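S.K.: Provided herewith is a single structure, encoded as structure tokens, for subsequent inquiry.
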Amino acid sequence: MDRIYLDHNATTPVRPEVRDRMLPFLGELFGNPSSAHSFGQEVKVQFEEARQRIADQLGASPAQIVFTSGGTESDNYAIKGTAFAAGKGHIITAMVEHPAVLQTVSWLAKKGFDASYVQVDSSGVVDPDEVKKALRPDTILVSIMHMNNEVGTIQPVEEIAAITKEAGVYFHTDAVQSFGKLPTKVDDLGVDLLSMAAHKIYGPKGVGALYIRKGTRIDPLIIGGAQEKRRRSGTENVAGIVAFGEAIVQAEAEREQLYSRLTGLRETLVKGLTERIPEVIINGDPSKTFPSTVSASVSHVEGESLLLSLDMEGIAVSTGSACSSGSLEPSHVLVSMGIETVLAQGTLRFSMGRGTTKAQIDHLLEVFPPIVERLRRMSPLSASKAC
Ligand SMILES: Cc1ncc(COP(=O)(O)O)c(C=O)c1O
Numbered sequence: 054m055d056r057i058y059l060d061h062n063a064t065t066p067v068r069p070e071v072r073d074r075m076l077p078f079l080g081e082l083f084g085n086p087s088s089a090h091s092f093g094q095e096v097k098v099q100f101e102e103a104r105q106r107i108a109d110q111l112g113a114s115p116a117q118i119v120f121t122s123g124g125t126e127s128d129n130y131a132i133k134g135t136a137f138a139a140g141k142g143h144i145i146t147a148m149v150e151h152p153a154v155l156q157t158v159s160w161l162a163k164k165g166f167d168a169s170y171v172q173v174d175s176s177g178v179v180d181p182d183e184v185k186k187a188l189r190p191d192t193i194l195v196s197i198m199h200m201n202n203e204v205g206t207i208q209p210v211e212e213i214a215a216i217t218k219e220a221g222v223y224f225h226t227d228a229v230q231s232f233g234k235l236p237t238k239v240d241d242l243g244v245d246l247l248s249m250a251a252h253k254i255y256g257p258k259g260v261g262a263l264y265i266r267k268g269t270r271i272d273p274l275i276i277g278g279a280q281e282k283r284r285r286s287g288t289e290n291v292a293g294i295v296a297f298g299e300a301i302v303q304a305e306a307e308r309e310q311l312y313s314r315l316t317g318l319r320e321t322l323v324k325g326l327t328e329r330i331p332e333v334i335i336n337g338d339p340s341k342t343f344p345s346t347v348s349a350s351v352s353h354v355e356g357e358s359l360l361l362s363l364d365m366e367g368i369a370v371s372t373g374s375a376c377s378s379g380s381l382e383p384s385h386v387l388v389s390m391g392i393e394t395v396l397a398q399g400t401l402r403f404s405m406g407r408g409t410t411k412a413q414i415d416h417l418l419e420v421f422p423p424i425v426e427r428l429r430r431m432s433p434l435s436a437s438k439a440c
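Here you go:
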């Protein structure tokens, strides 16, 4: 069997239609969209069409979309931009956010802003009442993600938005994992700022966007030639942006059909893992989790060893742990959900996508249980349990 890719939350392969759409911009369509001549203007037309496509997906107007270099920049821009415009104040976020949000908030905290971190329940869900309790008169921003990248948890963004709206506080959501996979109409969600990235929806890496509701006070982070209506200077990544526009149209066209296919694959995977491997825990509440993601904690083994063994079998997954300077740090998301450190370290994330088939999942379910058994036999973690 060919190699199997089960790491779609990390990135996705570029769709052939998307690649075809971007190629002319690496060839004859090389003009700078800021140029007044025909070379520039023919590029600008297509580039603005991509902005319209992103805006349509959000139910927003094109003027509210700023192109960026990806999810990390969009998160930085939303959080630092509103903080800089306010000058001082308090920011609320959640313990389960992506580092692009968590690190940005903690950086601002070192610069004199205040930060509060709301906890999640054992399924990884933020309680909107906790956000309400954390609000202060000087709160300037709440940043809670739409879909978690490690577990797939979908946060109650609409309920949190009702709270921030009443309090007159800006609400940013990191929708990098949900854009193109779940409905993301900004008025339905009630958000003021929303981060997106193309490479999670079969577009290229290094391109993203930030939705900014009209009237939001936000400073630019990147200053220079006044592109993007002075909100993000620098000659735009035209090929990437046009490709992003194509990727979202394609993703939306198959969104519902893919959701139901992934739901079936998820059921097969979860059933197979829990039936064939003793002492495996599936993290998160399936009713509040996007079906592409299965986070499984396997007791008495290290996730890194599982990952490498699967890789040798041609199956790509990811761990729930970040390996830093040789020591295994348990995932902050799993730890926030109350999962024991040692179990968090034995966690794998299987993230499926449009190329995932039932045959691939069946193959994984053949290969994986003997790997777990072998590693458990060798593992000091199971030996220490025996003592
Ligand atoms: C939830 C979330 N936010 C932000 C990012 C960062 O996006 P990018 O890799 O485009 O900078 C990711 C990427 O993994 C993500 O999953």
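Sequential numbering of the sequence shown, starting at 54, is according to the working numbering.
By construction, the Cβ of each residue, glycine as well, lies at the ideal position given by its N, Cα and C atoms.
For clarity, every value in this text was computed on a predicted model and none was experimentally measured.
Met148 and Gln445 - do their beta-carbons sit closer together than 8 Å?
M.R.: Lying outside 54 to 440, the shown extent of the chain, residue 445 is not represented and no answer is given.
S.K.: Can you list, in chain order, the residues of its chain whose CB lies under 6 Å from that of Glu441, leaving out five sequence neighbours each side?
M.R.: In this structure the chain extends from 54 to 440, so residue 441 is not present and cannot be described.
S.K.: Ignore the nearest five residues each way along the sequence and tell me which others in Pro181's own chain have a CB closer than 7 Å to its CB.
M.R.: Excluding positions up to five away in sequence, the list reads Pro209, Glu212, Ile213, Ile216.
S.K.: Run the CB neighbour count on Thr477, radius 10 Å, all protein chains shown included, and call it buried at 16 or more, exposed below.
M.R.: In the structure displayed, the chain extends from 54 to 440; residue 477 sits before or after that span and is not available.
S.K.: Using only the alpha-carbon positions, how far apart do Ser432 and Glu355 sit?
M.R.: One C-alpha to the other measures close to 8 Å.
S.K.: DSSP beta-bridge partners for His143?
M.R.: DSSP lists Asp167, Thr192 as partners of His143.
S.K.: With a threshold of 7 Å, establish whether the CB of Ala139 neighbours any heavy atom of ligand 1.
M.R.: Ala139 Cβ: outside cutoff for every heavy atom of ligand 1.
S.K.: Within its chain, find whatever has a CB closer than 7 Å to the CB of Ser377; leave out the 5 residues flanking it on each side and keep chain order.
M.R.: Residue placement at Ser377 is poorly supported in this model, since its pLDDT is 42, which falls under 50; the coordinates still yield a value, given next. Correct list: empty, nothing qualifies.
S.K.: Would you kindly check if the distance between the Cβ of Gly399 and the Cβ of Val204 is under 8 Å?
M.R.: Contact flag unset, no.
S.K.: Given the structure, does Asn85 come close to ligand 1, in the sense that its CB is under 7 Å from one of the ligand's heavy atoms?
M.R.: Not under cutoff, so the answer is no.
S.K.: How is the beta strand (DSSP E) around His225 delimited, first residue to last?
M.R.: Segment 223 to 227, the beta strand (DSSP E) holding His225.
S.K.: List in chain order the residues whose CB is within less than 5 Å of at least one heavy atom of ligand 1.
M.R.: Having a Cβ closer than 5 Å to some heavy atom of ligand 1 are Gly123, Gly124, Thr125, His151, Ala153, Asn202, Asp227, Val229, Gln230, Ala250.
S.K.: Taking contact to mean at least 3 C-beta pairs separated by less than 8 Å, is the segment 254 to 261 in contact with the segment 63 to 82?
M.R.: Yes, they touch.
S.K.: Can you tell me which residues form a DSSP beta bridge with Met390?
M.R.: Note: Met390 sits in no beta bridge, so no partner.
S.K.: With respect to 7 Å, is the separation between the Cβ of Ser231 and the closest non-hydrogen atom of ligand 2 below this value?
M.R.: Absence of ligand 2 is noted for the structure shown, with ligand 1 being the only ligands found.
S.K.: Taking its Cβ as the centre, do 16 or more other Cβ atoms sit within 10 Å of Thr288, making it buried, or is it exposed?
M.R.: Per the 10 Å Cβ criterion, exposed.
S.K.: Looking only at its own chain, which residues have a Cβ that is under 7 Å from the Cβ of Glu126, when we skip the five neighbours before and after it?
M.R.: Cβ within range, chain order: Gly261.
S.K.: What three-state label does DSSP hand Ile107 in the structure shown?
M.R.: The answer is helix: DSSP assigns Ile107 an H, G or I state.
S.K.: Which full runs of the beta strand (DSSP E) of 3+ residues lie inside the segment 391 to 429, going along the chain?
M.R.: Within the segment 391 to 429, the complete beta strand (DSSP E) runs of at least 3 residues are 400 to 404.
S.K.: In chain order, what residues of the same chain have a beta carbon less than 7 Å from the beta carbon of Ser437, not counting five sequence neighbours either side?
M.R.: Because the pLDDT of Ser437 is 44, which lies under 50, any placement of that residue in the model is unreliable, and the question is left without a value.
S.K.: Under 8 Å, do Glu281 and Val119 count as touching if we go by C-beta distance?
M.R.: Contact: yes.
S.K.: Just mark Phe297 as buried or exposed, buried being the case when its beta carbon has 16 or more other beta carbons within 10 Å.
M.R.: Phe297 should be labelled buried.
S.K.: Distance check for His61 and Lys253, CA to CA, integer angstroms please.
M.R.: Whole-angstrom Cα-Cα distance: 7 Å.
S.K.: Would you please state the rounded distance, in angstroms, between the beta carbons of Leu396 and Ile57? I believe it to be under 8 Å.
M.R.: With 8 Å as the limit, Leu396 and Ile57 do not qualify as a contact, their Cβ atoms being about 25 Å apart.
S.K.: Take every Cβ of the segment 218 to 237, pair it with every Cβ of the segment 83 to 94, and state whether three or more of those distances are shorter than 8 Å.
M.R.: No, because fewer than three Cβ pairs between the segment 218 to 237 and the segment 83 to 94 fall closer than 8 Å, the two stretches do not touch.
S.K.: Taking only three categories from DSSP, how would you classify Ser176?
M.R.: Reduced to three states, the DSSP call for Ser176 is coil.
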